[in-house]
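The numbering used here numbers the first residue of the sequence shown as 5 and each following residue consecutively. Glycine is no exception: its CB is placed at the ideal position from the N, C-alpha and C atoms.
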Amino acid sequence: MNKIPKIGCACEKPTSTYTEYRTSEIGIDHTNGRDAKVAIQQCKLCQRIWIYYFMKSENPQSDRWYKGIVTKKDRPNITPENAVEFLESLEWYVYGGSYFEDKIEFGEGKLNLDL
């Protein structure tokens, strides 16, 4: 399990918005038909790097996203196909979306990816 300490930055709060990040897309994860968009986000305040994983569904009530902090050392190794593995290896991540009734929470372990 990759331990990433919380440092009190606004990016650690589940309600932080996309304007607090620089975002660069790295591709689509087509595994098991998920077609999830995968991006790297960097917090403008603390400069930490996040993986952002977004699954859009034909059913709008099934949209969901996950994001978690990764190290600069790990960043070059992240691909759309292994983003889930990286997220699941983290001590904690943030998730939300209509699938979760638009609640934004902290999580750990396996991601709920069933469509």
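Unbroken alpha helix (DSSP H) run spanning residue i, endpoints
i: F90; result: 87–92
Residue i to residue j span [Cα, whole Å]
i: I82; j: E29; result: 12 Å
i: L91; j: Q65; result: 22 Å
i: L115; j: C47; result: 23 Å
i: A14; j: Y25; result: 11 Å
i: W96; j: D106; result: 19 Å
Min CB distance residue i to chain D below 7 Å
i: R52; result: No chain D appears in this structure, which consists of one protein chain only.
Residue interval of the beta strand (DSSP E) (run including residue i)
i: W69; result: 68–74
i: G111; result: 109–111
For residue i: DSSP bridge partner residues
i: F104; result: Its beta-bridge partners do not exist; DSSP assigns none.
i: E29; result: A43
Nearest residue (CA-CA) to residue i, options the options
i: I55; options: E89, I108, E62; result: E89
i: K60; options: G113, I53, H34, P80; result: H34
i: K17; options: S102, N36, I73; result: I73
i: G100; options: S93, G31, I108; result: I108
i: R79; options: Y70, R52, S102; result: R52
If we require 3 or more residues per run, which beta strand (DSSP E) segments fall completely within the region 31–56? 40–47
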